[in-house]
Amino acid sequence: MIQPEELVGDEWAAWYQLSPSERWTESERLWQIYFLLGGSLEPEPDTQSPFFDPLEPSARIADGRPGMRVLRRSRV
Amino acid sequence: MGGQACVFYGAAEFSRDTDLAILASSENLARLKKALEDLQAEVIAVPPFEASYLRKGHAIHFRCRHPEAIGMRVDVMTKMRGVDSFAKLWTRRTTIVVDGDSINLMSLPDLVQAKKTQRDKDWPMLRRLLEVNYFENRKDPTREQIRFWFLELRTPDLLIELAKQQGRIPDPLRRKRPLLELVVKSSKSSLVDALLSEEQKEREADREYWAPLKKELETLRHSRVSPVKR
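First to last, the protein sequences are chains H and D. Just so we're aligned, residue 9 is where the first sequence starts under this note's numbering, counting upward by one. Just so we're aligned, residue 2 is where the second sequence starts under this note's numbering, counting upward by one.
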């Protein structure tokens, strides 16, 4: 029998092996971290969605930090 | 029925909106309206919140203003391509209790149908949803699960494993999903191509389904009385 690790690697296999309620709880925990880091509920634009409207008003920017700027990046 | 259901069933979706599939009866819409008022939800974009748009297959998009849900997006729909009527979805739903509240999720087979869209991101998710269900249940599967996996699994190795374990693939399933012939032959590379082709067909069907609805949305956008200020 094929093992999940062989197919999807250790990280995904660990997620697969959680029970549905454990996944739900873990997801809630990640949400709390996301909010603590300043994340917002504003969805990222989904240009492939049939609902995508380029003129749709946005409540705030997706990363929740209006003053964000790039400090460092590669030349590529 | 969206990201939260995917997390429950095994994918890892980071969805920042809440998708609700509802019955578009006048009584139910009145209840929904009241709940949305409690959340101080406002319709964003088009179409407007009217039963006629829901019944045609449109989604209505809301953003909440209540302090405890500020910015939360809620998308409401009542009809999805390739998915059964709400009445059938309701009989097959999964009910979970979170902090004392009951939450009804679309069943996994229905969620799988709903996720066969034109979007790139839905296809890896579909594969994961099916893999998790297969790994969780393969030791002692029901007939319904075996049928579901033969018709829906998107992982060549698991399809081949399933066929070997079952010994044979029932003819009605082969007729329904022609690529199962390649599973019998354990032809993995051909199976990869066939799965991709199957995906492309579904994505094209989804684009065709949405074409007239998108046209209607465009018309509604252009007929807005006041242009949106950015």
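Using N, Cα and C, we set each Cβ at its ideal position, and we do this for glycine too.
Looking at residue j and residue i, is the spacing between their C-beta atoms short of 8 Å?
i, j, result
"Phe74/D", "Glu43/D", "First, the amino acid is wrong: residue 74/D is Arg here, not Phe. No, Cβ-Cβ distance for Arg74/D and Glu43/D is not below 8 Å."
"Leu181/D", "Phe151/D", "yes"
"Ala115/D", "Met126/D", "no"
"Pro28/H", "Tyr135/D", "no"
"Leu112/D", "Leu131/D", "no"
"Ile161/D", "Ser187/D", "yes"
"Val8/D", "Ser57/H", "no"
"Ala60/D", "Phe59/H", "yes"
"Pro49/D", "Leu218/D", "no"
"Asp61/H", "Arg82/D", "no"
"Ala52/D", "Ala25/D", "yes"
So residue i packs on residue j, CB below 8 Å; how close in whole Å?
i, j, result
"Asp18/D", "Pro51/H", "5 Å"
"Ile170/D", "Val184/D", "7 Å"
"Thr143/D", "Asp207/D", "Incorrect: roughly 30 Å between the Cβ atoms, too far for contact."
"Ile23/D", "Val77/D", "6 Å"
"Ser103/D", "Thr96/D", "6 Å"
"Ala13/D", "Trp23/H", "6 Å"
"Ala70/D", "Leu40/D", "5 Å"
With 16 other CB atoms within 10 Å as the buried threshold, where does residue i fall?
i, result
"Pro213/D", "exposed"
"Gly4/D", "buried"
"Ser48/H", "buried"
"Arg128/D", "buried"
"Asp123/D", "buried"
"Asp18/H", "exposed"
"Arg176/D", "exposed"
"Glu203/D", "buried"
"Asp20/D", "buried"
"His67/D", "exposed"
"Val16/H", "buried"
"Thr79/D", "buried"
"Val99/D", "exposed"
"Arg31/H", "buried"
"Ala36/D", "exposed"
"Leu90/D", "buried"
"Leu1/D", "This structure gives no information on residue 1/D, because the portion of chain D shown stretches from 2 to 231."
"Leu163/D", "buried"
"Pro74/H", "Legend: pLDDT at Pro74/H = 48, less than 50; position of this residue unreliable, no value from coordinates given."
"Leu55/D", "buried"
"Asp71/H", "Any reading at Asp71/H is ruled out, since the residue's pLDDT is 49, under 50, leaving its predicted position unreliable."
"Arg231/D", "With a pLDDT of only 47 at Arg231/D, under 50, the local geometry of the prediction cannot be trusted, and the value read off the model is given with reservation. Arg231/D is exposed by the Cβ-count criterion."
Does the ligand GTP have a heavy atom nearer than 7 Å to the CB of residue i?
i, result
"Ser27/H", "Questions concerning the ligand GTP fall outside what the structure shown contains, since it holds no ligand whatsoever."
Subject >> In chain order, each beta strand (DSSP E) run of at least 3 residues that lies wholly inside the region 10–49 of chain D >> reply: 18–22, 42–44
Original post:
Is the region 26–40 of chain D in contact with the region 155–162 of chain D, if contact means three or more CB pairs nearer than 8 Å?
Top reply: no
**OP:** Please list the segments of the beta strand (DSSP E) lying wholly inside the region 98–151 of chain D, counting only runs of 3 or more residues, in order along the chain.
**Re:** 102–106
**OP:** Would you mind listing the alpha helix (DSSP H) stretches within the region 9–49 of chain H that are 4+ residues and don't spill past its ends, in chain order?
**Re:** 12–24, 28–44
**OP:** Kindly provide the ranges of any alpha helix (DSSP H) runs that are 4 or more residues long and lie completely inside the region 150–205 of chain D, ordered along the chain.
**Re:** Listed in chain order, the complete alpha helix (DSSP H) runs (minimum 4 residues) inside the region 150–205 of chain D are 157–167, 172–177, 181–185.
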